[in-house]
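Visitor:
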DNA sequence: CACAACCAAAGTGCATGCAAGCTGGATGCC
DNA sequence: GGCATCCAGCTTGCATGCACTTTGGTTGTG
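Chains as they are written, first to last, in our numbering: chain A, 4 to 255; chain B, 4 to 255.
In structure tokens:
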């Protein structure tokens with residue numbers, strides 16, 4: 004039962020994982036929007052490490068699908084397509100059904116208290132920024148996964164939840180997290196009660212409505228497929244002078 | 004429509020991904036057993052690259068759960084516990100149910116032909132080494148995942164399938180892959196017929212029986228928790244001189 | 001003879017340096 | 001004026017070098 008120092012499953016060294024955690028959080032709080040550039044030296048300078056470490060961290064995040072690495076190009080925060088977002092949610096639903104199935108009726112009193120405390124925090128954050136709400140809502144699900152004591156499940160649920168988070172910045176309108184809090188409370192109650200089928204259904208519908216609230220329509224306004232976006236404008240290109248391309252300003 | 008050169012989603016550069024692929028394959032073919040040491044210099048020397056690249060590759064594989072990285076220690080091929088193996092299979096079942104749900108009745112003729120050809124290859128490999136059989140059986144599932152055209156699903160199914168493969172070397176007896184081939188054929192037939200529920204059930208039971216054939220008993224004879232393994236012998240330690248510790252020979 | 005401290009070899013942790021590739025603006029040509 | 005070309009800079013790709021940690025054998029001591 005040797006106390007495993009810092010290394011979970013992946014997360015090689017300390018400095019690398021610190022940078023990973025920081026970037027992950029920045030991404031899910033939308034401080035770093037999809038498409039934001041992540042040059043190695045800037046990261047290294049900012050975190051007080053060399054490019055080698057920054058590079059390694061970017062590699063890890065790329066493996067998680069949070070950043071995109073292109074050869075000889077600056078790494079950018081990933082920009083999932085609408086379809087990928089929908090797929091991510093479908094996977095997440097299945098994984099989290101597994102989580103609650105394992106947890107139903109098996110939670111200790113202190114665990115239930117912990118969950119309730121977390122939802123209270125979500126409640127308090129309702130007036131604050133969207134970023135905090137989204138992060139807390141995601142962390143609720145990750146907290147659940149942790150309670151399964153299954154490292155693999157924790158890893159996959161975390162990863163896919165972060166990815167879903169990422170899509171929220173892309174396709175979601177603000178203030179779509181409001182009602183999720185009640186659904187979280189309902190989940191806790193059902194978990195405590197211990198009805199497997201019921202709680203799996205609850206989770207399923209909860210995530211499904213989160214997805215539906217988020218992925219309002221398959222119109223990736225800011226999505227990556229700008230060729231398709233520009234298709235409607237293609238006619239006018241030949242006719243008149245084109246308005247200045249609406250190149251999104253990525254950096255303030 | 005620039006042809007994306009080699010980079011899929013993760014897999015930063017070429018050299019790194021080459022090493023990753025080679026190691027992955029070596030691991031699932033059991034050329035590298037769980038616990039096998041993977042020193043950075045040896046890898047670098049073997050693949051003709053510097054430690055930097057070998058290190059990066061190890062980082063990626065660690066992110067996939069195939070190798071374990073411990074600070075200041077030589078990286079080793081991962082040694083999942085029995086419980087982790089069971090969890091991996093549970094996750095895999097859910098993910099692959101998703102795969103066949105998306106695929107049921109939507110496969111083209113050429114895709115079905117491709118699947119049949121693969122199973123034929125599995126059949127031919129039946130006389131050969133276990134390693135080849137296991138690899139082909141795993142690749143059948145990954146091939147299915149690819150046909151969903153969902154990069155995320157491909158990634159997760161591949162990862163978890165490799166992890167399951169890894170556990171096969173740990174807990175499975177040889178020749179447990181025999182009957183899987185028929186189940187693969189049944190899956191293809193059901194997919195072609197297009198009955199979603201039926202095919203999901205088939206996949207569920209197929210993977211469940213693979214898991215049951217593989218994870219024969221929760222007795223990790225070669226598992227990592229050697230403290231538990233030695234527990235029964237602890238009594239004798241005090242009484243008589245101990246026989247030479249059965250330290251498993253990891254390297255030929 | 002058993003045990004503890006010590007030390008050299010091996011291996012990782014990380015930074016730096018140099019070569020190669022991409023980006024974007026300036027230059028020259030039509 | 002419009003367009004292709006070229007060049008400078010920035011950024012990544014990768015190897016090497018040094019410091020630190022672990023390891024396992026050796027030596028000294030009770």
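Built from N, CA and C at the ideal position, the CB exists for glycine as well.
Out of A:166, A:148, A:45 and A:213, which has the shortest C-alpha to C-alpha gap to residue 106 of chain A?
Guide: To locate residue 106 of chain A, count along the first chain from 1; it is residue 103. Here the closest residue by C-alpha is A:148.
Visitor: Within 10 Å of its beta-carbon, does residue 111 of chain B have 16 or more other beta-carbons around it, so buried, or fewer, so exposed?
Guide: The sequence position of residue 111 of chain B within the second chain is 108, counting from 1. It is exposed - the Cβ of residue 111 of chain B has fewer than 16 other Cβ atoms within 10 Å.
Visitor: Which stretch, first to last residue, makes up the beta strand (DSSP E) that contains residue 122 of chain A?
Guide: Your numbering for residue 122 of chain A matches position 119 in the first chain. Element bounds for residue 122 of chain A: not the beta strand (DSSP E) but the alpha helix (DSSP H), 112-127.
Visitor: Have a look at A:195, A:162 and A:187 and flag the residue whose alpha-carbon is nearest the alpha-carbon of residue 3 of chain A.
Guide: Because chain A here runs from 4 to 255, residue 3 of chain A falls outside it and cannot be looked at.
Visitor: Does residue 140 of chain B come out as helix, strand or coil in the three-state DSSP assignment?
Guide: The residue labelled residue 140 of chain B in the question sits at position 137 within the second chain. Helix, per DSSP.
Visitor: Going by CA-CA distance only, name the one from A:129, A:65 and A:201 that's closest to residue 27 of chain A.
Guide: The count along the first chain starts at 1 and reaches residue 27 of chain A at position 24. The option with the nearest alpha carbon to residue 27 of chain A is A:65.
Visitor: Taking the C-alpha atoms as reference points, what is the distance between residue 42 of chain A and residue 17 of chain A?
Guide: Position 39 of the first chain, counted from the first residue, corresponds to residue 42 of chain A. Position 14 of the first chain, counted from the first residue, corresponds to residue 17 of chain A. For residue 42 of chain A and residue 17 of chain A, the distance between alpha carbons rounds to 20 Å.
Visitor: Suppose you measure from the CA of residue 143 of chain A to the CA of residue 118 of chain A; what does that come to, to the nearest Å?
Guide: Mapped onto the first chain, residue 143 of chain A falls at position 140. Mapped onto the first chain, residue 118 of chain A falls at position 115. Cα to Cα, the separation comes out at about 7 Å.
Visitor: Hey, how far is the Cα of residue 137 of chain B from the Cα of residue 31 of chain B?
Guide: Translated into the one-based positions of the second chain, residue 137 of chain B becomes position 134. Translated into the one-based positions of the second chain, residue 31 of chain B becomes position 28. Distance between the alpha carbons of residue 137 of chain B and residue 31 of chain B is about 8 Å.
Visitor: For residue 44 of chain A and chain B, any beta-carbon pair shorter than 8 Å?
Guide: Your numbering for residue 44 of chain A matches position 41 in the first chain. No, no contact with chain B.
Visitor: Return the residue from the list A:145, A:134 and A:139 that minimises the CA-CA distance to residue 126 of chain A.
Guide: Position 123 of the first chain, counted from the start, is the residue given in the question as residue 126 of chain A. It is A:139.
Visitor: So which residues on chain B does residue 197 of chain A lean against when the C-beta distance must stay under 9 Å?
Guide: By 1-based counting over the first chain, the position of residue 197 of chain A is 194. Under the 9 Å cutoff, chain B gives no residues; its nearest Cβ is about 19 Å from residue 197 of chain A.
Visitor: Per DSSP, which residues does residue 40 of chain B bridge with? Please list them.
Guide: What you label residue 40 of chain B is simply residue 37 of the second chain in a count that begins at 1. Note: residue 40 of chain B sits in a beta bridge opposite B:79.
Visitor: Considering only DSSP beta bridges, list what residue 70 of chain A is partnered with.
Guide: For the purposes of this step, residue 70 of chain A is taken as residue 67 along the first chain, with counting starting at 1. Bridge partners of residue 70 of chain A: A:80.
Visitor: With DSSP run on the structure shown, which of helix, strand or coil describes residue 134 of chain B?
Guide: Taking the second chain and counting its residues from 1, the one referred to as residue 134 of chain B is at position 131. The answer is helix: DSSP assigns residue 134 of chain B an H, G or I state.
Visitor: In chain order, what residues of the region 155-170 of chain B put their CB closer than 7 Å to some CB of chain A?
Guide: Of all residues in the region 155-170 of chain B, 155, 156 and 159 have a Cβ within less than 7 Å of some Cβ in chain A.
Visitor: Where does residue 227 of chain B sit, in a helix, a strand or coil, going by DSSP?
Guide: The residue given as residue 227 of chain B occupies position 224 in the second chain. With a pLDDT of only 47 at residue 227 of chain B, under 50, the local geometry of the prediction cannot be trusted, and the value read off the model is given with reservation. Looking at residue 227 of chain B - three-state DSSP - the assignment turns out to be coil, as it is neither helix nor strand.
Visitor: Under 9 Å between beta-carbons, which chain B residues line up against residue 59 of chain A? List them in chain order, please.
Guide: For this step, residue 59 of chain A is matched to residue 56 along the first chain. Going along chain B in sequence order, the residues near residue 59 of chain A (Cβ under 9 Å) are 58, 59 and 62.
Visitor: Evaluate contact between the region 61-75 of chain B and the region 158-172 of chain B, counting only Cβ atoms and requiring at least three cross-stretch pairs below 8 Å.
Guide: These segments touch.
Visitor: What residues in its chain sit with their C-beta under 6 Å from that of residue 98 of chain A, if we drop five residues either side in the sequence?
Guide: On the first chain, residue 98 of chain A is found 95 positions in, with the first residue counted as 1. Answer for residue 98 of chain A: 159 and 160, listed in chain order.
Visitor: Please state whether the Cβ-Cβ distance between residue 48 of chain B and residue 80 of chain B is less than 8 Å.
Guide: Here residue 48 of chain B corresponds to residue number 45 of the second chain, with the count starting at 1. Here residue 80 of chain B corresponds to residue number 77 of the second chain, with the count starting at 1. It is not a contact, given that the beta carbons lie outside the stated cut-off.
Visitor: Hey, out of A:188, A:109 and A:63, whose CA is closest to residue 121 of chain A's CA?
Guide: Mapped onto the first chain, residue 121 of chain A falls at position 118. Comparing Cα-Cα distances from residue 121 of chain A to each of A:188, A:109 and A:63, the minimum goes to A:188.
Visitor: Does the beta carbon of residue 145 of chain A come closer than 8 Å to any beta carbon on chain B?
Guide: Looking up residue 145 of chain A in the first chain gives position 142. It does not: the Cβ of residue 145 of chain A has no partner Cβ on chain B nearer than 8 Å.
Visitor: Assign residue 90 of chain B to one of two classes, buried (16 or more other C-beta atoms within 10 Å of its C-beta) or exposed (fewer than that).
Guide: Within the second chain, the letter at position 87 stands for residue 90 of chain B. Buried, since its Cβ has 16 or more Cβ neighbours within 10 Å.
Visitor: Please state the DSSP three-state secondary structure of residue 47 of chain B.
Guide: Reading the second chain from its first residue, position 44 is the one you call residue 47 of chain B. Three-state result, residue 47 of chain B: helix.
Visitor: Counting only Cβ pairs nearer than 7 Å, list the residues of chain B close to residue 93 of chain A.
Guide: Here residue 93 of chain A is taken as the residue at index 90 of the first chain, counted from 1. Result: 101.
Visitor: Residues of chain B with CB under 8 Å from residue 153 of chain A, in chain order?
Guide: As a first step, residue 153 of chain A is located in the first chain; it is residue number 150 there, counting from the start. Per Cβ cutoff of 8 Å: 86, 87 and 90.
Visitor: Where do the ends of the alpha helix (DSSP H) carrying residue 93 of chain B lie?
Guide: Translated into the one-based positions of the second chain, residue 93 of chain B becomes position 90. Run containing residue 93 of chain B: 85-106, per the alpha helix (DSSP H) assignment.
Visitor: Mind reading off the beta-carbon distance from residue 209 of chain A to residue 190 of chain A? Whole number of angstroms is fine, and I expect it under 8 Å.
Guide: Taking the first residue of the first chain as position 1, residue 209 of chain A is located at position 206. Taking the first residue of the first chain as position 1, residue 190 of chain A is located at position 187. Contact flag correct, Cβ pair sits at about 7 Å.
Visitor: Taking all protein chains shown into account, decide if residue 93 of chain A is buried (16 or more other Cβ within 10 angstroms of its Cβ) or exposed.
Guide: Mapped onto the first chain, residue 93 of chain A falls at position 90. Classification of residue 93 of chain A: buried, given that the 10 Å Cβ count is 16 or more.
Visitor: If residue 50 of chain A and residue 77 of chain A are in contact, beta carbons under 8 Å, what's the gap, nearest whole angstrom?
Guide: Residue mapping note: residue 50 of chain A aligns to position 47 of the first chain, counting from 1. Residue mapping note: residue 77 of chain A aligns to position 74 of the first chain, counting from 1. With 8 Å as the limit, residue 50 of chain A and residue 77 of chain A do not qualify as a contact, their Cβ atoms being about 17 Å apart.
Visitor: Check the Cβ-Cβ distances between residue 38 of chain B and every residue of chain A, and say whether any is below 8 Å.
Guide: The residue labelled residue 38 of chain B in the question sits at position 35 within the second chain. No, because no Cβ of chain A sits closer than 8 Å to the Cβ of residue 38 of chain B.
Visitor: Just to confirm my understanding: we take residue 186 of chain B, look at its own chain, exclude 5 residues before and 5 after, and list those with CB closer than 6 Å. What are they?
Guide: Along the second chain, one-based indexing puts residue 186 of chain B at 183. Only 209 meet the Cβ criterion.
Visitor: Determine the contact status of residue 205 of chain B and residue 193 of chain B, defining contact as a CB-CB distance below 8 Å.
Guide: Counted from its first residue, the second chain places residue 205 of chain B at position 202. Counted from its first residue, the second chain places residue 193 of chain B at position 190. In this structure, residue 193 of chain B lies closer than 8 Å to residue 205 of chain B by Cβ.
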